[in-house]
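Student: Per my numbering, the sequence shown starts with residue 462, numbered consecutively. Glycine is no exception: its CB is placed at the ideal position from the N, C-alpha and C atoms. Computed from a predicted model, the values in this text were never measured in an experiment.
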Amino acid sequence: MKKTFLQFLLLSITCISYAQYGSVNNYTKIHMLQSGFPTNISTTNLGRCATSIGDLNNDGVKDLAIGEGHGVLYITFLKSDGTVLNMVNIEADTYGLPSHATYDMENFARAVDTIGDLNSDGVIDLVVGMPHITGTKGHVFVLFMNSNGSVSSFVQIGPNMGGLNEGLTGTHFGMSVAGIGDINNDGILDIAVGGTSDNGGKGRVWFIMLNASGTVKGTHFMSPNSNHVDDYADLSLNENIRFGSGLAFMGDMDGNGTGDLAVTSYNYTTESSKGSCMIAFLNPFGIVSSVKAVHPGVPNYNDTLINPNDTIPPYTSSLYGISAANLGDINGDGFSDLVISAPRYSTSDCSTCGAVDIVMLDSLANVVEYQQISDTLGNFSGNLEYMDEFGRALTGLGDVNGDLMTDLLVGAPGDDEGGNYAGAVYILHLNGVWDPSLKSNEIGPGEVRIYPNPVHEILNIRLSAPAKTSVHWELLCINGTCLRKGFIESGAILETINTRDLIQGLYMIRLTDKKISYTRKVIISGNPKF
C-alpha cells in the first residue's frame, strides 16, 4: 500500500530502510525454561491475559502483569534483555483476597489492565476480571499496587457490592476489562468491563466511573441494542455476538477530547468471516456517538482468519476477536493502531496454533493496511504448535528494546515448553516507523490527555488531577527543536497552546516534572497557506 509523504520523510530523516510495518524483527519468549525464570514458580496456561504496567519497580525496565488460566496473576519484573528478574504471585488468600472457600477464585485474572495511578500514590493500579463466579455473574477487583508488586489494598466490585447496584445474573461480568482514562471529567480515572453472556449471549460493556477509593461512583453501558451499536450488530448473521469479548482503550482517535474504545465480539458472523471488532467513538459524556466495524471484509482488510476447512457459515470459530489491544502508532501516521487476535486459527501446517492481525487505522477507524503474524506470515520464527493459542492475550508495550519502535506482547497459554500447557508469552519487536515519542513515555494512559489530535488552532493539555508541582511543557519539531514552552502551574489541570501559525506536520509535546517524563506525537493540520 502507498505510504504517505510524511512517512517517507520520517524514514529518510532517520535513515531506516522500510520493512513491512507490523512484521517481526526479533522476539523474546518468556516461559518456565527461560534462563532466570523463578524455579519456585510452576505455571499453567501462562499468557491467558496480560498487560504492560510500566516500570513498576523503578529500575529502568518495563514490567508486566501476566495471568494464567487457574486464578493466578503474576507481577513480572523484567531485566533489560527481556528475561525474568522476579515474579510476584497474586491469587486467592494473598493480600487479603478472598479464599477458594468463599468464591471460585480459579477464574481470578481471566482479564487484566492498568487503570493508571487511581489513588495518587505514584504507583500504577490494576483492574482484574473474574467472570465465572456464582453461575454466570462475575466480579472485578481494583488492585492498589505497591512498587514491589504486592497489593496494598483492593476493592471488589460485583453483584450489589463495591457500589455497583446490579445483580449481574447471566452476564459473565469481568470477561474483559480496560482502563479508559477519566471518561466523565471528574479528575478520577475510570474503567470499562465486558460481560459476554448478558442478554442471552448478546453481551454488554459497562462504563464504570470510579471514586478515588476504587468504589463505583456511577455507571452506564452499551450493548448490541444501544444507539449506533444496533446498526452494527444487526449486520451479524448471529444475534448472540458475545459483545465485550475484548476491550482496548484507543485514546482520542477523532480529536473530540474524549478517548474511544475498541470492543470485540468473537461470535459476530458475516458472509466472509467470524469475529469482529468495533470502534466506539465516545462523546465528552462517555456516550457512543458513532461506531466503525473493523474485521476482515471491510475496505483494505482482506485477511481471512476463520479456520480454513470452512466454506459457508456458520464457521468453526478461530476466536477472532477474543482479545484486542492498542498497539500505538506503528506506521507513523499519528493515529493509534489496533491488534486483534485469533488464537484458534489454523494454517495448513499448524492446527489451532493462533494468529494476530495488526490493523493500521486512520482517525475515523478506516483500515489503511494490515499485517498478519502467524506461523507462516509476518516474519515470525517462533515455533508454534497445536493448541498454543498464540494471541489469547495481547498488549502494546511501547518501546522495550530501545529501537524507538513500538513492541507487542502476545500470550500463548497452550505452549508446552516447560510442561503440558505451561504457557508462554512472546515479546515481539516489530518493524515500523521510528518514533521519538517512545523514548521517554513513562506515564500510564489516562493521566495526560492531549487533544484534539490532529489540531487546527488550539491544543489542550489536560492532567487527570491537579498538578502537585509545576509541570514544564514544550512543543517540539520532530527533530527536537523547541517551538513553544511554558508551565502548567501547581494546582492547575489545563493548559492551552495556540498553533495557528505553525506549518502542517508532525510535532511532539513533552511534559516534565520531578517524577514525570511524557512525550506524545501531535499532528498539526495548520493553515493550508503554509
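1. At what residue ranges does the region 825–891 contain a whole run of the beta strand (DSSP E), taking only runs of 3 or more?
2. Beta-carbon separation of L671 and L579 under 8 Å?
3. Cβ atoms of D876 and H492: under 8 Å apart, would you say?
4. For the region 678–714, list the beta strand (DSSP E) runs that are entirely contained and at least 3 residues long, ordered along the chain.
5. If you draw a straight line from the C-alpha of E429 to the C-alpha of V759, how long is it?
6. Given this structure, state the Cα-to-Cα distance separating Y535 from L517, to the nearest angstrom.
7. Pull up the distance between the alpha-carbon of G793 and that of V861, whole angstroms please.
8. Hey, would you say V485 sits closer than 8 Å to I834, going by beta carbons?
9. Using a Cβ-Cβ cut-off of 7 Å (strictly less than) and excluding sequence neighbours within five positions of N902, which residues of its own chain qualify?
10. In chain order, which beta strand (DSSP E) runs of at least 3 residues are fully inside the region 476–508?
11. Got a sec? Which residues, its chain only, sit under 6 Å from T856 by beta carbon, not counting five neighbours each side?
12. Rounded C-beta distance between Y806 and K735? I'm assuming under 8 Å.
13. Look up N744 in the DSSP assignment and say whether it is helix, strand or coil.
14. With the cut-off set at 8 Å, would you say L696 and S637 are in Cβ contact?
15. Keeping to the same chain, check which residues put their C-beta closer than 7 Å to that of S496; ignore five residues upstream and five downstream.
16. Are the beta-carbon atoms belonging to V828 and V755 less than 8 Å from one another?
17. Can you give, in chain order, each stretch of the beta strand (DSSP E) that sits fully within the region 950–988 and has at least 3 residues?
18. Cα separation between M548 and G884?
19. Out of L507, G631 and R961, point me to the one whose CA is closest to A570's CA.
20. Just the C-alpha distance for G624 and T676, rounded to the nearest angstrom, thanks.
21. Hey, F668 and S684 are a contact pair by Cβ (cut 8 Å); roughly how many whole angstroms apart?
22. Helix, strand or coil for G662? Go by DSSP, reduced to three states.
23. Would DSSP call N568 helix, strand or coil?
24. Whole angstroms is fine: what's the gap from D542's alpha carbon to A526's?
25. What would DSSP say about G736, mapped onto helix, strand or coil?
26. Quick one: what does DSSP say W667 is sitting in, helix, strand or coil?
27. Assess contact between the region 575–589 and the region 603–618, defined as three or more Cβ pairs (one per stretch) separated by less than 8 Å. Is contact present?
28. Taking the alpha-carbon positions, what's the E935 to A673 distance?
29. Ordered along the chain, which non-local residues of its own chain (more than five positions away) have a Cβ less than 6 Å from that of T813?
30. What residues in its chain sit with their C-beta under 7 Å from that of I652, if we drop five residues either side in the sequence?
31. Need the endpoints of the beta strand (DSSP E) that I911 sits in, please.
Tutor: Inspection of the coordinates gives the following:
1. Complete beta strand (DSSP E) runs here, min 3: 828–834, 855–859, 868–873 and 885–891.
2. Their beta carbons are under 8 Å apart, which means L671 touches L579 by this criterion.
3. A contact, by the Cβ cut-off of 8 Å.
4. Assignment of beta strand (DSSP E) within the region 678–714, counting only whole runs of 3 or more residues, yields 704–712 in chain order.
5. Residue 429 falls outside the range modelled here, since the chain spans only 462 to 991, and no answer is possible.
6. For Y535 and L517, the gap between their C-alpha atoms comes out near 13 Å.
7. The alpha-carbon atoms of G793 and V861 are separated by roughly 18 Å.
8. Contact flag set, yes.
9. Its pLDDT being 42, under 50, N902 is placed unreliably by the model, and nothing is read from it.
10. The beta strand (DSSP E) runs lying completely inside the region 476–508 and spanning 3 residues or more are 485–491, given in chain order.
11. Cβ within range, chain order: A511, T512, S513, A786 and L870.
12. With 8 Å as the limit, Y806 and K735 do not qualify as a contact, their Cβ atoms being about 11 Å apart.
13. N744: coil per DSSP, three-state reduction.
14. Taking 8 Å as the cut-off, the beta carbon of L696 is found no closer than this to the beta carbon of S637.
15. In chain order, T544 place their CB closer than 7 Å to the CB of S496, counting only its own chain and leaving out the 5 sequence neighbours on each side.
16. When the beta-carbon positions are compared, V828 and V755 come within less than 8 Å of each other.
17. Qualifying beta strand (DSSP E) stretches, in chain order: 955–959, 966–973 and 978–985.
18. C-alpha separation (whole angstroms): 15 Å.
19. The closest CA to that of A570, considering only L507, G631 and R961, is found on L507.
20. Their backbone Cα atoms lie some 6 Å apart in a straight line.
21. About 12 Å; that fails the 8 Å criterion.
22. Three-state DSSP puts G662 in a helix.
23. In this structure, N568 counts as helix in the three-state DSSP scheme.
24. Computed Cα separation, rounded: 18 Å.
25. Note: G736 maps to strand in three-state DSSP.
26. If DSSP states are grouped into helix, strand and coil, W667 belongs with the strands.
27. Put simply, the region 575–589 touches the region 603–618. At least three CB pairs are less than 8 Å apart.
28. About 30 Å.
29. Correct list, in chain order: R805, S807 and M848.
30. Within the same chain, I652 has close Cβ partners I576, V588, V638, A639, G640, I641, I669 and L671.
31. Unbroken beta strand (DSSP E) run through I911: V909 to Y912.
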